[in-house]
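Read top to bottom, the protein sequences are chains P and L.
With this note's numbering as the guide, the letters of the first sequence map in order to residues 240 to 700.
With this note's numbering as the guide, the letters of the second sequence map in order to residues 1204 to 1342.
To start, the structure itself, in C-alpha cells.
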Amino acid sequence: MNQYYHSIRIDTDKCDGRMKCLRSCPTQAIRIRKGKAVILEEKCIACGECITACPNDAIVALTDPFGELSKFKHTVAIPSPALYAQFGRSILPDRILEGLKKLGFDDAFDLALTCGDTSLAIEHFLEEYKGPKPLISNACPSVVRLIQVKYPQLVDHILPITLPKKLAARDIKKNKSEELGLKIEDIGTFYITPCPVKMIAIKHPSVEGGCYLDGAISISDIYGPLFSALESVDQGSYRKGLESICILGIGWAVAGGMHRSLKLENVLDVYGIPEIIKTFDDIERGKLRNIDLVVAYSCPQGCVGGSLTVENRYISYNKILRLLETLERENIEACRDKREIRERYQQKHFHMPHKYEPRPSMALDEDLGRAIKKRKKKEEIYDSLPKIDCGICGAPTCLAFAEDVVKGEAETSDCIFNVPSKFRELTGELSRELSRLLDDFGTIGEEWEGMQKKQKTGKKP
Amino acid sequence: MFHIKGADFGKAGCVSLEIKDILHDLGVDLSIVRRAAIAAYEAEMNVVMYADKGEMILRLNPDIIRITIEDMGPGIKDIELAMQEGYSTATDQMREMGFGAGMGLPNIKKNADLFKLKSRVGQGTSYDIVFHLNPKEQT
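Written out as C-alpha cells, the structure reads:
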C-alpha cells in the first residue's frame, strides 16, 4: 500500500536526468541522484507539474487500467466535471455520460449534481461558521497537502466538508446495492480523474479518511476510446442536454466556478502553486481575516488544467464558462431541491468524519540545541555557495542543497563550484609529486643524452 | 539578526517569514511557531510603518524563544493607550493598505507569553517578546 502513497512514479529506465522536473517542482520535492530523478515523499504534494515537464514521459501517474472493471459485478463511472470540458462545445454532459456506458461501464453518474449539493452545503457551513478565517477550500487535494506539509499551522482553516466524489461514491454504493441486491464490494465505482493527486485519497484512504471509490482512470487514458464511442451516441436534443446540467456543480472544474452561482461575495480565487504560496504566507501572518473562503486550485484555470487532461486548458475553461453563461441566461438550474439539501446538511450528511492532520516536514534535528547548530551550519554553507541555483548538484536551489548537506543527504563537494578548490587541493599534492618526478627525470635525461652521444660516436667508426 | 527598513512595504513581512522558517527548521511546536510568526509580523509592520529602520533579533535556548526588536522611530507617547484595542495613529494611507486597525500591539500581547514594550519619544521603541517552549517542543 505504501508505494501507492504518492501516486507519482519515476521510470528510471526512461529518466535521463535532464532536470526539467527538478526545476518545475513547486515544493522542491525532487532531487537528481546518480543521474536519475528521485521524489522526496515527505515534500511531494502530487500536483503533477513534473509529469507535464518531463520530456521523456518518465514520470507517470499511478492510475488504474481499464481491465479493473471486470473485477466487479456492477460498475459506475464518476467523471470529474473537467471531463465535460474536454470535448467540443456542442457535446454536452448527457452525451458524454452515454459514451462512458458504451465503453463498458454499467452506469455513469453526473458528479456535477453532487458538486451542486456540496456548494449549497458550503454556503450553509459559511453562514454558521465562527472559527478562524479565511476558510480554505479542500476541493484540490494538492492544496490540502501543501497546507499539511508547508503550512501545518493552517490545517484548522481547511473546509471540513466531504468532497463530492466521495459523497457520490458512498451514495451510489448504498443505492445500487439496495436496488440490485448486490453486496457493496461488488459495485465498482471509478473516478475519471484530471490529475494524479486524486489517486491518493483512493489508494491510500488512511490519509484522508475512508473512501468508497474503487479506482481512478485518467482522462488522458479514456479520451481516445471515449472519443470514438461518442460517435455512436445519438445526438439528442441540445436543449434537453442543457436542461440536465446542474449549474451549481458544473463550475467546479474551473477556477471561480464553484461559488459563481452561489453569489458568494467574500471569496478569493487563487490558482497556481506559486500564487497560492504567496496567499498562504499572508494568511499565516494573520492577514485576509475579512475573507470568508479562499478557493485555491494548484492547476492554472482549475481542474481543467490538470496534468492528465487532453484539451488546451484555456479552451476547456472557456467551454465551461460559456456553458455557465448560457445556463444563467436561460435560467436553467437542474440541481437537487434546496430544502432537501438543507435537511441533509442538518443531518451532518456533508460533514467530514475526521480532521485534517498537519504533516510538517522534519526538523533538522530532534534535539533543539543540535538543531540550532545545524541551522547555523546551513546558513554558513549557503553563504559559501554561488546562489545561482544551477541544479547540477541535484538539488533545485542552493538553499535546498545547503539543507541536504546539513541533513547528511549530500556533500559540499557535490557542488560544482566547490570542485576547483577540491581540485586545487588535490593538484597541489600532485604538482609537488610531479616536480619531484621531473627533477628525477632531469637527471635521468642527462644520463640518457650521454648514452646517446656515446652510441652515436660508437656507430661512427 | 535581521534589519528592517522603514516604509519599505514591498519587503514588509520578509523578516517574520524568515523567522517562521527558522522555527520550522528547528522543529518548534506548531502552535508556538504560529503565535511567534504573527507577533513578529505585527512588530515588523510597526517598524515598517512608523520607523526609519529597526533590528530584529531572534534568540533561542531550550526553554524560550526571545524576539527583541529595536527601532529608531518616533517612539510612543502613551504606551497604555497604544496597547488598547482599536487605538491607532495610522495615517489614511496606511489604513487604505489595510493596516492601522489598532490591533497590532494588542495582537502581539495576545500571542506572546511575555511582552514588554519600552519607548521614549524621539528615540525609539523596543519590543521584547518571549515564548515559552514547553517540554514537548520537539515533535
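C-beta atoms are modelled at their ideal positions from N, C-alpha and C, and glycine is treated no differently.
In this text, all values refer to a predicted model and were calculated from it rather than measured experimentally.
According to the DSSP assignment, P/Thr548 belongs to no alpha helix (DSSP H), since it is labelled neither H nor E.
Here P/Lys695 is exposed: its Cβ has fewer than 16 other Cβ atoms, across all protein chains shown, within 10 Å. Going by DSSP, P/His588 is part of no alpha helix (DSSP H) at all; its letter is neither H nor E. Looking at the DSSP output, P/Ala455 sits in a beta bridge with P/Tyr430.
Close CB contacts of P/Leu336 within its chain, under the 7 Å cut and outside five residues either way in sequence, are with Ala347, Asp349 (chain order). Taking CB atoms only, P/Glu504 has no neighbour in chain L less than 9 Å away. Here P/Asp508 is bridged, per DSSP, to P/Val534. Of all residues in the region 1230-1247 of chain L, those with a C-beta nearer than 7 Å to a C-beta of chain P are Gly1230, Leu1233, Val1236, Arg1237, Ala1240, Ile1241, Tyr1244, reading in chain order.
Cβ-Cβ separation between P/Asp653 and P/Gly633: approximately 7 Å, consistent with a contact (criterion under 8 Å). Annotation for L/Thr1328: the continuous beta strand (DSSP E) segment containing it runs 1327-1335. Looking at the DSSP output, P/Pro318 bridges to P/Ile431. When only Cα atoms are considered, P/Val315 and P/Leu421 end up about 14 Å apart.
For L/Ile1235 and P/Lys259, the gap between their C-alpha atoms comes out near 37 Å. Looking at the backbone, the Cα of P/Gly608 and that of L/Met1248 are separated by about 30 Å.
A Cβ of chain P is located within less than 9 Å of the beta carbon of L/His1227.
Residue state for L/Glu1258 is assigned as strand, using DSSP reduced to three classes. Chain P places no beta carbon closer than 9 Å to that of L/Leu1320, leaving this residue out of the contacts. Contact annotation, P/Cys542 with P/Pro433: C-beta distance approximately 5 Å; criterion of less than 8 Å satisfied. Between the beta-carbon of P/Leu527 and that of P/Pro371 there is about 11 Å, and that puts the pair past the 8 Å contact cut.
Chain P places no beta carbon closer than 9 Å to that of L/Lys1280, leaving this residue out of the contacts. Between P/Ile375 and P/Ala535 a beta carbon distance of about 6 Å is seen, short of the 8 Å cut, so the two are scored as contacting. Three or more Cβ pairs drawn from the region 305-321 of chain P and the region 490-497 of chain P lie within less than 8 Å of each other, which places the two stretches in contact.
Under the three-pair Cβ rule at 8 Å, the region 281-291 of chain P does not count as touching the region 395-406 of chain P. For the C-beta of L/Leu1263, the chain P residues within less than 7 Å are, from N- to C-terminus, Ile611. For P/Ser246, the CB contacts under 7 Å within the same chain, skipping 5 residues up- and downstream, are Ala285, Ala300, Leu301, Pro435, Val436, Met438, Ile439, Lys442 in chain order.
Among the residues facing chain P, L/Lys1223 is included, as its CB has a counterpart in that chain under 9 Å away. If you draw a straight line from the Cα of P/Tyr368 to the Cα of P/Ser500, it comes to about 20 Å. Interface annotation, P/Gly608: in contact with chain L, CB-CB separation under 9 Å. For L/Asp1316, there is no enclosing alpha helix (DSSP H), as DSSP gives it neither H nor E.
When only Cα atoms are considered, P/Val549 and P/Gly355 end up about 25 Å apart. Interface annotation for the region 241-268 of chain P against chain L: empty, criterion Cβ-Cβ distance under 8 Å. Counting only the Cα atoms, P/Glu418 lies some 34 Å from P/Leu547. P/Cys538 is not a Cβ neighbour of P/Leu352, given a cutoff of 9 Å. L/Lys1312 and L/Ile1267 have their alpha carbons spaced roughly 16 Å apart. In the three-state DSSP reduction, P/Ala347 falls in the strand class (E or B). Bounds of the alpha helix (DSSP H) holding P/Glu418 are 403-419.
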